[in-house]
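Chemist:
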Amino acid sequence: MHKIIAANWKMYKDRTQAATTAGELAAVLPEILPAGREVIVFPPFTAIESVARVFDGKKGLAVGGQNFYPAPEGAFTGEISIDMLRDVGAQWVLAGHSERRHVFGESDELVARKAVFALSHGLKTMLCIGEKLEEREQGSLYAVLERQLTAFFEARPDGMAGETLPGRLAIAYEPVWAIGTGKVAGPGEVREAHGVTRALLERFVGDSGKKLPILYGGSVKPDNAGALIALDNVDGLLVGGASLEAQSFLQIIGA
Ligand code: PEP
């Protein structure tokens, strides 16, 4: 399966800093990236165009938006549309990142509507799912992942059949308790969650579910990336803090 290594730069980097880091990546990656491996950077909105210019035409490199509002345009102060993201060079968007769900209160229903909207309007979508610590401790891992994925798969319009999703939908499993905490999930925990996610994807869309990449995210660092990417059903990594410096992100990509 196609492997995806993604960088979430959150609310870090102005245009100059973003272009500098993107330049350091673009200087080496097209030469060393194996076929079928894709690197996606999600900068803040103001830096998307700067990164897109640096990545333009470079094999295996793409840029995306961290957030958007699911309407074509309108009176939505402070929001940004899919067309606006595409206009500055975005090819991907994140939907349902845990900070959107838990800091900004986005519901399963809103996240599902956003993911469906982005896909329907031609942007590739990385749908993030994952449980909170108390949910894992209560033994609710399966129930949480099922609820988050059900919201998306049931929100799809008739035209968005399972066969149309591989190549434009990726899932990122990110346990909330591992994001930005330095506490990476153990191999057993990752294997279990990715296995559950794979089984759910197959339940919703049959064989197409085997072709949807499932990324792991949560305190990925150069020294744990190799072991994580080697696990069954781990088809990529979504990296926050350790993607801000080109050298550390390059070590993760090379792992
Ligand atoms: C993230 O923001 O998606 C993330 C996984 O962050 P970190 O790598 O810093 O835990």
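Start counting the sequence shown at -19; every next residue gets the next number (the working numbering). Every residue, glycine too, gets a C-beta built ideally from N, C-alpha and C.
Should residue 194 go down as buried or exposed, given a rule of 16 or more other Cβ atoms within 10 Å for buried?
Modeler: Classification for residue 194: buried.
Chemist: Just verifying my parser: in three-state terms, what is the DSSP assignment at residue 140?
Modeler: coil
Chemist: Tell me the DSSP bridge mates of residue 247?
Modeler: One cannot answer for residue 247 here, as it falls past the ends of the chain, which runs -19 to 235.
Chemist: List the whole-angstrom C-beta distance separating residue 178 from residue 99, where the pair is believed to meet the contact cut-off of C-beta under 8 angstroms.
Modeler: Not a contact, Cβ separation roughly 20 angstroms.
Chemist: Please give me, in chain order, every unbroken run of the alpha helix (DSSP H) with length at least 4 that falls completely inside the segment 42 to 126.
Modeler: Fully enclosed alpha helix (DSSP H) runs of 4 or longer: 62 to 67, 78 to 82, 88 to 100, 113 to 117.
Chemist: Should the segment 111 to 126 be regarded as contacting the segment 135 to 145, the criterion being three or more beta carbon pairs within less than 8 angstroms?
Modeler: no
Chemist: Could you compute how far the alpha carbon of residue 190 sits from the alpha carbon of residue 46?
Modeler: 26 angstroms
Chemist: Suppose you measure from the CA of residue 205 to the CA of residue 215; what does that come to, to the nearest Å?
Modeler: Those two C-alpha atoms are separated by around 12 angstroms.
Chemist: Can you find a heavy atom of the ligand PEP that lies under 6 angstroms from the Cβ of residue 197?
Modeler: yes
Chemist: Quick check: does the Cβ of residue 218 come within less than 6 angstroms of any heavy atom belonging to the ligand PEP?
Modeler: Checking every heavy atom of the ligand PEP against the Cβ of residue 218, one is found closer than 6 angstroms.
Chemist: Does DSSP put residue 192 in a helix, a strand or coil?
Modeler: coil
Chemist: Excluding the five sequence neighbours on either side, which residues of its own chain have a C-beta within less than 8 angstroms of the C-beta of residue 174, listed in chain order?
Modeler: 153, 194, 196, 211, 212, 213, 214
Chemist: Nearest CA to the CA of residue 167: which residue from 82, 138, 198?
Modeler: Out of 82, 138, 198, the CA that lies nearest to the CA of residue 167 is found in 198.
Chemist: Can you list, in chain order, the residues of its chain with a C-beta nearer than 7 angstroms to that of residue 56? Leave out the 5 residues immediately preceding and following it.
Modeler: 49
Chemist: Once the 5 residues before and after residue 3 are set aside, which same chain residues still bring their CB inside 7 angstroms of it?
Modeler: 34
Chemist: Exposed or buried, what is residue 12 when buried is set at 16 or more other beta-carbons lying within 10 Å of its beta-carbon?
Modeler: exposed
Chemist: Measure how close the beta-carbons of residue 230 and residue 8 come, nearest whole angstrom, since I'm counting them as under 8 angstroms.
Modeler: Contact holds; Cβ gap of about 7 angstroms.
Chemist: Please tell me whether, using a cut-off of 6 angstroms, the distance from the CB of residue 151 to the nearest non-hydrogen atom of the ligand PEP is below it.
Modeler: no
Chemist: Say yes only if the C-beta of residue 213 is nearer than 6 angstroms to one or more non-hydrogen atoms of the ligand PEP, and no if none qualify.
Modeler: no
Chemist: For residue 200, tell me which candidate among 223, 188, 184, 192 has the shortest Cα-Cα distance.
Modeler: 223
Chemist: Is the Cβ-Cβ distance between residue 146 and residue 192 less than 7 angstroms?
Modeler: yes
Chemist: Can you name the residues that DSSP bridges to residue 149?
Modeler: 105
Chemist: Please identify the residue among 93, 74, 69 whose C-alpha is closest to the C-alpha of residue 27.
Modeler: 69
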